[in-house]
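Quick note on numbering: the numbering used here labels position 194 of the sequence shown as 920, and the sequence is numbered without any gaps.
Where is the CB? At the ideal position from N, CA and C, for every residue including glycine.
Values in this document were obtained by computation on a predicted structure and should not be read as measured data.
What follows is a single structure, written as structure tokens, with notes after it.
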Amino acid sequence: MSSNAHGRTSEETPLTIGEPKAPTHGERARTLVGAETTGTLATLNNDGFPHGSYVTFALDGSDPVFLVSKLAAHTQNLENDARASLLVHEVGATDPLSNGRVTLLGKCERLTDDASAREAFLAVHKQAEYYVDFSDFSFWRLAVQSVRYIGGYGRMSWLDLDGWRSAQCDPIAVHATGIIQHMNDDHADAMVCYARAFTRAIETDDVVMTGIDRYGFELSVAVNGGRRPARIAFEEPIATPTDARKTLVSLLGSARAQLEAKRTSSP
727 MSSNAHGRTS
737 EETPLTIGEP
747 KAPTHGERAR
757 TLVGAETTGT
767 LATLNNDGFP
777 HGSYVTFALD
787 GSDPVFLVSK
797 LAAHTQNLEN
807 DARASLLVHE
817 VGATDPLSNG
827 RVTLLGKCER
837 LTDDASAREA
847 FLAVHKQAEY
857 YVDFSDFSFW
867 RLAVQSVRYI
877 GGYGRMSWLD
887 LDGWRSAQCD
897 PIAVHATGII
907 QHMNDDHADA
917 MVCYARAFTR
927 AIETDDVVMT
937 GIDRYGFELS
947 VAVNGGRRPA
957 RIAFEEPIAT
967 PTDARKTLVS
977 LLGSARAQLE
987 AKRTSSP
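Written as structure tokens, this is what we have:
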């Protein structure tokens, strides 16, 4: 079961009108993990205590793979007990707990046929070519059995495993930071138009974009002395920065037309 809100003492009418399409938790989790290359691998030592290790990884399909040395404590732990988890998280937010994070749980196995894992791992860790064939290194795979996703405050769930396996990384994710910065730095007026036309914040004059994905974008809107989130969906999914630019320009035209129609129809 997924949740997108913490308990509140009172209900607020959402700024967003309707239920705009948004990535599933599985898509959000897969995008987050696909964008990262390091995480914390937790294994069980001989005394049964969890042992956390900083590791590099890559996704091979929907499972993470590792290139580890038999000298490492986590490798020795896995040889005795295959149960493990990998914590992957975002960085950068002023409040660390607002960053997204994903915990993948399952059992690890040493790979005898490592061709697929090798290709996936070296594609994102080219420096590993130096030691990939050292005799003490081998590839291991975490066969994911369950997934915990937390997308910051109030957005969390245990994912459906089929949903995790079938999800694809959002194609806009690698471009999102640049798009958001450009929109906030150069098109602040457009942000206000979007909010006034497509949300209930019809009088706001302070709006910033906080996220964008293939299905739409998210805003932080100043209302009644505070800030609240809103989401605006695209008519069709986008896949490239060019798609994003064209779609945002088209939406701005629609927003301005809608605001002008309201203005001229007012008594």
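Q) Relative to the alpha-carbon of Ala914, which residue among Phe924, Arg926, His901, Asp931 has its alpha-carbon at the smallest distance? A) Asp931
(Q) On the criterion of 16 or more Cβ atoms from any shown chain inside 10 Å, does Val870 qualify as buried, or is it exposed? (A) With 16 or more neighbouring CB atoms inside 10 Å of its own CB, Val870 falls in the buried class.
Q.
As a quick exercise: from Glu855, Glu805, Thr973, pick the residue whose alpha carbon is nearest that of Phe943.
A. Thr973
Q. Anyone know if the C-beta pair for Arg957 and Thr742 falls short of 8 Å?
A. Taking C-beta atoms as the reference points, Arg957 and Thr742 count as a pair closer than 8 Å.
Q: Look at the alpha carbon of Ala923 and the alpha carbon of Gly880, and state the distance between them as a whole number of angstroms.
A: 27 Å
Q.
Buried or exposed for Gly752, going by 16 or more other Cβ atoms inside 10 Å?
A. By the neighbour-count definition (other C-beta atoms within 10 Å, threshold 16), Gly752 is a buried residue.
Q.
For Ala755 and Leu885, which I take to be in contact (beta-carbon distance under 8 Å), what is that distance rounded to the nearest angstrom?
A. With a Cβ gap of about 6 Å, Ala755 and Leu885 count as contacting.
Q.
For Ile928, tell me which candidate among Val947, Asp939, Met935 has the shortest Cα-Cα distance.
A. Val947
Q | Residue environment, Gly832, which counts as buried when at least 16 other CB atoms sit within 10 Å | A | buried
Q) Would DSSP call Tyr875 helix, strand or coil? A) strand
(Q) Runs of 4 residues minimum, wholly inside the stretch 825 to 875: which ones carry the alpha helix (DSSP H) assignment? (A) 841 to 850
Q. DSSP beta-bridge partners for Pro790?
A. Leu785
Q | Contacting residues, own chain, Cβ-Cβ under 6 Å from Asp840 (five flanking each side not counted) | A | So the qualifying residues of the chain are Phe865.
Q.
Less than 8 Å between the beta carbons of Pro868 and Leu830, yes or no?
A. It should be pointed out that residue 868 corresponds to Leu in this sequence rather than to Pro. Yes; because the gap between Cβ atoms is below 8 Å, this pair is in contact.
Q.
Within a Cβ cutoff of 8 Å, which residues of the same chain sit near Arg959, ignoring the five residues on either side of it in sequence?
A. Residue identity check: residue 959 is Ala in the sequence provided, not Arg. Answer for Ala959: Pro746, Lys747, Ala748, Tyr941, Gly942, listed in chain order.
**Q.** Nearest-angstrom Cα separation, counted from Glu762 out to His851
**A.** 11 Å
Q. On the three-state DSSP scale, how would you describe Val949?
A. strand
(Q) If you follow the beta strand (DSSP E) that Gly937 is in, where does it begin and where does it stop? (A) 933 to 939
Q) On the three-state DSSP scale, how would you describe Gly818? A) Looking at Gly818 - three-state DSSP - the assignment turns out to be coil, as it is neither helix nor strand.
Q) Since Ser824 and Ala799 are thought to touch, with beta carbons under 8 Å apart, how far apart are those beta carbons, to the nearest angstrom? A) Rounded, the Cβ-Cβ distance is 32 Å, inconsistent with contact.
Q. DSSP state of Arg954, grouped into three classes?
A. strand
Q: Measure the beta-carbon distance from Val933 to Met917 and round it to whole angstroms, keeping in mind my assumption that it falls under 8 Å.
A: Yes, they are in contact, since the Cβ atoms of Val933 and Met917 sit about 4 Å apart, within 8 Å.
Q. For Gly765, which three-state DSSP category applies?
A. strand
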